[in-house]
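Visitor: Numbering of the sequence shown is given in the UniProt record's numbering, commencing with residue 1 and proceeding in unit increments.
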Amino acid sequence: MCTSFNLMIQLLGPVTLLRDNRPICIRGERQRRFLASLALNPGQVVSKESIMADSWDGEPPLTVSGQLQTSAWMIRKALTEAGLTRDALGSHDLGYELHVPCQRIDAFVFRDTVRSVRALHARGQHRIAAEQLDAALALWKGTALTDVTSSRLRMKGEALDRERTAAVELRALIDVCLGHYGEAIAHLSELIDRDPLREDLYVGLMKAYYGEGRQADAIQVFHRAKGILREQIGITPGAKLREVMQAVLRQDERLLRTPGPHMAGDRVG
1 MCTSFNLMIQ
11 LLGPVTLLRD
21 NRPICIRGER
31 QRRFLASLAL
41 NPGQVVSKES
51 IMADSWDGEP
61 PLTVSGQLQT
71 SAWMIRKALT
81 EAGLTRDALG
91 SHDLGYELHV
101 PCQRIDAFVF
111 RDTVRSVRAL
121 HARGQHRIAA
131 EQLDAALALW
141 KGTALTDVTS
151 SRLRMKGEAL
161 DRERTAAVEL
171 RALIDVCLGH
181 YGEAIAHLSE
191 LIDRDPLRED
201 LYVGLMKAYY
211 GEGRQADAIQ
221 VFHRAKGILR
231 EQIGITPGAK
241 LREVMQAVLR
251 QDERLLRTPG
261 PHMAGDRVG
């Protein structure tokens, strides 16, 4: 769908509809839930049952059919105010379909950019990767779907939040490759505090300390990881973590030329 204006549906924060950076009013949380349910699946028919589950947590009222029609009418009105035609929200026997390109929904722009950044990072184009990832992270305006309280949509929002965390991890690893060791140490230390069982984070932190010339701190990171992994899940450090430890002990200059690991998880929930 081609438009001559800047339309954006924001899910990475409060659910918001923008035209030329001007918010278009979406009245009522039920309507925001309705729009979020559709915007997470653009170009696909979302069943009425799925929308009801997202909107009423599996306990729809007796008047649910009428309320769905009312919500659809209000969303069409908002989309029209945003400059789209009424058929931007399609109605089918089984459900509804949002005819808006993924490039007009911030969650999908974020996902596609992070995928591109991973490819740039793997090719060693770290500076461009950093610039693109900073732009992607700037799309976030808070926790995803922050103003909807449906438990089903909250789970989908939490999945998006995990994508953001993975992107922050990737940004820290890119900082290591760029020689921005202080920034990487700060970000990786915070991420390890949140998730102390992630060996790849310890690998990145050891490299950052080593790059700062803090070999003793890098060695302490290894022993901290070893202790936590043994105490909490009864395993020893994996091969990658052991390899980095040996490289630190050897003062191997090649350690900092090794590209950071790829981060998993690029699907919108």
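Positions of the beta carbon are idealized from the N, C-alpha and C atoms, including for glycine.
Only a predicted model underlies this, so the values are computations on that prediction, with no experimental measurement involved.
If we require 3 or more residues per run, which beta strand (DSSP E) segments fall completely within the segment 27–85?
Guide: Listed in chain order, they are 45–47.
Visitor: Give the straight-line distance between the Cα atoms of residue 139 and residue 133, rounded to the nearest whole angstrom.
Guide: Walking along the sequence shown from the start, residue 139 turns up at place 139. Walking along the sequence shown from the start, residue 133 turns up at place 133. Each residue's alpha carbon lies about 10 Å from the other.
Visitor: Helix or strand or just coil, what does DSSP make of residue 270?
Guide: One cannot answer for residue 270 here, as it falls past the ends of the chain, which runs 1 to 269.
Visitor: Quick one: residues in its chain with C-beta nearer than 8 Å to the C-beta of residue 235, no 5 flanking neighbours on either side, listed in chain order?
Guide: Position 235 of the sequence shown, counting from 1, holds the residue named residue 235. The answer, listed in chain order, is 229.
Visitor: What span of residues does the alpha helix (DSSP H) with residue 169 cover, start to end?
Guide: Here residue 169 corresponds to residue number 169 of the sequence shown, with the count starting at 1. 151–178 is the span of the alpha helix (DSSP H), which, as asked, contains residue 169.
Visitor: Looking at the strands, I want to know which residues DSSP matches up with residue 96.
Guide: Position 96 of the sequence shown holds residue 96. According to DSSP, which records beta bridges pairwise, residue 96 is partnered with 46, 91.
Visitor: Checking 8 Å against the spacing of the C-beta atoms, do residue 53 and residue 152 come in under that value?
Guide: One-based indexing of the sequence shown puts residue 53 at position 53. One-based indexing of the sequence shown puts residue 152 at position 152. In this structure, residue 152 lies closer than 8 Å to residue 53 by Cβ.
Visitor: Report all residues from its chain with a CB closer than 8 Å to the CB of residue 147; omit the five preceding and five following residues, and keep chain order.
Guide: The residue given as residue 147 occupies position 147 in the sequence shown. 14, 15, 29, 32.
Visitor: Should residue 37 go down as buried or exposed, given a rule of 16 or more other Cβ atoms within 10 Å for buried?
Guide: Walking along the sequence shown from the start, residue 37 turns up at place 37. Residue 37 comes out buried.
Visitor: Looking at C-beta atoms only, is the number of pairs between the segment 56–64 and the segment 112–121 that lie closer than 8 Å three or more?
Guide: Judged by Cβ distances under 8 Å, the segment 56–64 makes no contact with the segment 112–121, as fewer than three pairs qualify.
Visitor: Are the CB atoms of residue 75 and residue 108 within a distance shorter than 8 Å?
Guide: As a working mapping, residue 108 is identified with position 108 in the sequence shown. As a working mapping, residue 75 is identified with position 75 in the sequence shown. Cβ atoms of residue 108 and residue 75: not closer than 8 Å.
Visitor: Quick one: using the 10 Å Cβ neighbour count with 16 as the cut-off for buried, is residue 233 buried or exposed?
Guide: Counted from its first residue, the sequence shown places residue 233 at position 233. Per the 10 Å Cβ criterion, exposed.
Visitor: Under three-state DSSP, which class holds residue 254?
Guide: The residue labelled residue 254 in the question sits at position 254 within the sequence shown. Residue state, collapsed to three classes: helix.
Visitor: Under the rule that 16 or more other beta-carbon atoms within 10 Å means buried, what is residue 97, buried or exposed?
Guide: Here residue 97 corresponds to residue number 97 of the sequence shown, with the count starting at 1. With 16 or more Cβ atoms within 10 Å of its Cβ, residue 97 is classed as buried.
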